[in-house]
Amino acid sequence: MNRRDFLSSTALASVTTAAAAGVSTVPAIRSQAWTIGEPGGYETMQRVERELAPQPGEAVVKVAYSAIAARDLGIARGWFLKDLPPSLVPLSEGVGTVLAVGEGETRIKVGDRVIGAHFARWTHGAWTPDNYAVDVGFTANGWLAEHALLPTSGLVVLPDGVDDTTAATMSGSGVTAWHALHSKAGVMSGETVLSLGTGGVSTWGLLLAKAAGARVAVTSSSDEKLALMRELGADITINYRNDREWGKTLEAQTGGVDVVLENVGRLTLDQSMYATAPNARIVMIGTGRMPDELPRMPGLYEKNLSIVAISNGSRVMLENLVRAADANQIRSVIGATYAFNEAPAAFEFAAKSSHAGKILIKH
Ligand SMILES: NC(=O)c1ccc[n+]([C@@H]2O[C@H](COP(=O)([O-])OP(=O)(O)OC[C@H]3O[C@@H](n4cnc5c(N)ncnc54)[C@H](OP(=O)(O)O)[C@@H]3O)[C@@H](O)[C@H]2O)c1
Numbered sequence: 001m002n003r004r005d006f007l008s009s010t011a012l013a014s015v016t017t018a019a020a021a022g023v024s025t026v027p028a029i030r031s032q033a034w035t036i037g038e039p040g041g042y043e044t045m046q047r048v049e050r051e052l053a054p055q056p057g058e059a060v061v062k063v064a065y066s067a068i069a070a071r072d073l074g075i076a077r078g079w080f081l082k083d084l085p086p087s088l089v090p091l092s093e094g095v096g097t098v099l100a101v102g103e104g105e106t107r108i109k110v111g112d113r114v115i116g117a118h119f120a121r122w123t124h125g126a127w128t129p130d131n132y133a134v135d136v137g138f139t140a141n142g143w144l145a146e147h148a149l150l151p152t153s154g155l156v157v158l159p160d161g162v163d164d165t166t167a168a169t170m171s172g173s174g175v176t177a178w179h180a181l182h183s184k185a186g187v188m189s190g191e192t193v194l195s196l197g198t199g200g201v202s203t204w205g206l207l208l209a210k211a212a213g214a215r216v217a218v219t220s221s222s223d224e225k226l227a228l229m230r231e232l233g234a235d236i237t238i239n240y241r242n243d244r245e246w247g248k249t250l251e252a253q254t255g256g257v258d259v260v261l262e263n264v265g266r267l268t269l270d271q272s273m274y275a276t277a278p279n280a281r282i283v284m285i286g287t288g289r290m291p292d293e294l295p296r297m298p299g300l301y302e303k304n305l306s307i308v309a310i311s312n313g314s315r316v317m318l319e320n321l322v323r324a325a326d327a328n329q330i331r332s333v334i335g336a337t338y339a340f341n342e343a344p345a346a347f348e349f350a351a352k353s354s355h356a357g358k359i360l361i362k363h
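Position one of the sequence shown corresponds to residue 1 (our numbering), numbered consecutively onward.
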């Protein structure tokens, strides 16, 4: 079953209906949010006033920052799966302070500084497509609001050592890189990791791989961005615009990489596979456009390569990432910060992809 089939099944309908039917005894909070509006450009986004009261299993969070990921650009323009309601509040990533919780909540408390797993029901264990049912910023309202109404099942309480701007980028980009490097590839100190690109997942991949003691190679279309990646610790950098056979070049330069964070997708898979050492692990993350011809998968059998795909990460993975970021004093890479009232301009800027790292919105 693909994501579209799943979302048209009854599971999602029952979630939406149950939330709408609840009656809260916690006082309502009125505040502003941005919705995606009708399909079109980012100018169709609407600023609206909402009244929020947490049901059991929900919290109202006063948002400090939210962050934009690649899929949010498609969600806001109406082409990342069609037929989304214009009233959807986008963004899967953010950070804030809990103002109110629904009755019976014991794990999350008023005053906690929190982030939230983007698949809010995936607390631990193996992936299941059921997680699509509560996907914050997509099938459930997200963080682009003065106050966000979020399922408490996904919330993670932050230690003081993780700052707000780093925390705001963890539940989309950070946990994806963590899942790939640690839960799937099992990266070891001294191994070589290839992280494609310089965007949100890519830069988290670089920072986490360095924290794990790996040697890191990064690809980009921009020499300026590559210089920034070297400042952040990248050991090997290569401009994929200037060297179309960059995978073969990397293999020659490094003796082959052990782990690939394939942050682009099937379009770049063949070059990524050329770059690998025997027994390398390739984690498919990017969902970008398909190549004109099917990937040839060079070295798949000869090098005994493993290829595995992932979908974001569980709450336990997010908790492990938070602990690692705290211990290693990791700070996320921020390309630009926009004010809450400039949200459509932030989306426009993110879509140009002239930045490295993440675009933040300060609420
Ligand atoms: N599977 C999952 O769980 C998961 C989770 C999060 C994101 N994703 C997907 O992962 C991808 C990245 O997401 P993101 O939010 O990090 O995006 P992003 O911040 O917009 O960054 C995209 C990056 O892709 C790089 N890029 C584009 N074409 C490239 C190519 N041919 N070779 C190397 N790099 C290339 C660009 O690097 P330069 O500008 O430096 O050239 C750009 O920085 C998207 O497809 C997104 O949908 C998947």
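Here a beta-carbon is modelled for each residue, glycine too, at the ideal position from N, C-alpha and C.
Could you give the DSSP three-state label for residue i: helix, strand or coil?
i: PHE80; result: coil
i: TRP34; result: strand
i: MET170; result: helix
i: GLU231; result: helix
i: ALA350; result: helix
i: GLN253; result: helix
i: LEU91; result: coil
i: PHE138; result: coil
i: ARG266; result: helix
i: GLU342; result: helix
i: PRO159; result: coil
i: PRO151; result: strand
i: GLU191; result: coil
i: LYS62; result: strand
Whole angstroms is fine: what's the gap from residue i's alpha carbon to residue j's?
i: ASP164; j: THR237; result: 29 Å
i: GLN55; j: ALA120; result: 15 Å
i: SER311; j: ARG289; result: 17 Å
i: LEU194; j: SER306; result: 15 Å
i: ALA346; j: VAL216; result: 30 Å
i: GLY247; j: THR254; result: 11 Å
i: THR106; j: ALA59; result: 11 Å
i: ASN304; j: PRO278; result: 6 Å
i: TYR132; j: LEU181; result: 22 Å
i: ALA351; j: LEU149; result: 27 Å
i: LYS109; j: ALA168; result: 19 Å
i: ALA70; j: ALA343; result: 15 Å
i: LYS82; j: MET317; result: 30 Å
i: GLY353; j: LYS225; result: Going by the sequence as given, residue 353 is Ser instead of Gly. The alpha-carbon atoms of SER353 and LYS225 are separated by roughly 11 Å.
i: VAL322; j: LEU73; result: 26 Å
i: ARG77; j: GLU302; result: 43 Å
i: ALA234; j: LEU228; result: 9 Å
i: VAL114; j: HIS179; result: 20 Å
i: GLU245; j: ARG296; result: 14 Å
i: ASN239; j: GLU262; result: 16 Å
Within this structure, are the beta carbons of residue i and residue j separated by less than 8 Å?
i: ALA339; j: PHE349; result: no
i: PRO90; j: LEU144; result: yes
i: ILE29; j: HIS147; result: yes
i: HIS118; j: GLY137; result: yes
i: GLY286; j: VAL264; result: yes
i: GLU43; j: PRO86; result: no
i: GLY102; j: VAL26; result: yes
For residue i, which of the options has the nearest alpha-carbon?
i: THR192; options: ILE115, ASP112, ALA280; result: ALA280
i: GLY197; options: GLY78, VAL136, THR268; result: THR268
i: SER171; options: LYS184, LEU149, SER183, GLY200; result: GLY200
i: GLY174; options: GLY154, GLY116, GLY205; result: GLY205
i: SER183; options: VAL283, LYS62, VAL333, ALA214; result: VAL283
i: ARG315; options: ARG50, LEU158, GLY299, ASN141; result: LEU158
i: ALA327; options: LYS358, ASN263, ALA212; result: ALA212
i: ALA100; options: HIS124, LEU73, LYS62, LEU81; result: LYS62
i: ALA177; options: GLU43, SER353, SER272, VAL259; result: VAL259
i: SER153; options: LYS82, HIS124, PRO129; result: HIS124
i: TYR274; options: GLU251, LEU261, PRO291; result: GLU251
i: GLU319; options: TRP122, ALA64, ALA140; result: TRP122
i: THR276; options: PRO298, VAL156, ILE68; result: PRO298
i: LEU294; options: ALA309, ARG266, THR166; result: ARG266
i: LEU232; options: GLY357, GLU93, VAL98, GLN46; result: GLY357
i: SER202; options: TRP127, ILE115, SER332, LEU155; result: SER332
i: ASN341; options: ILE361, GLY57, ILE330; result: ILE361
i: GLN329; options: GLN32, ILE359, LYS210, ASP243; result: LYS210
i: PRO291; options: PHE80, ALA234, GLN271; result: GLN271
i: THR249; options: THR219, ALA234, GLU262, GLU93; result: THR219
i: ALA185; options: VAL48, GLY40, VAL257; result: VAL257
i: ASP223; options: ALA64, ALA67, ASN242, GLY190; result: ASN242
i: ALA67; options: ARG230, GLY94, GLY41; result: GLY94
i: ILE359; options: SER31, SER92, ASP130; result: SER92
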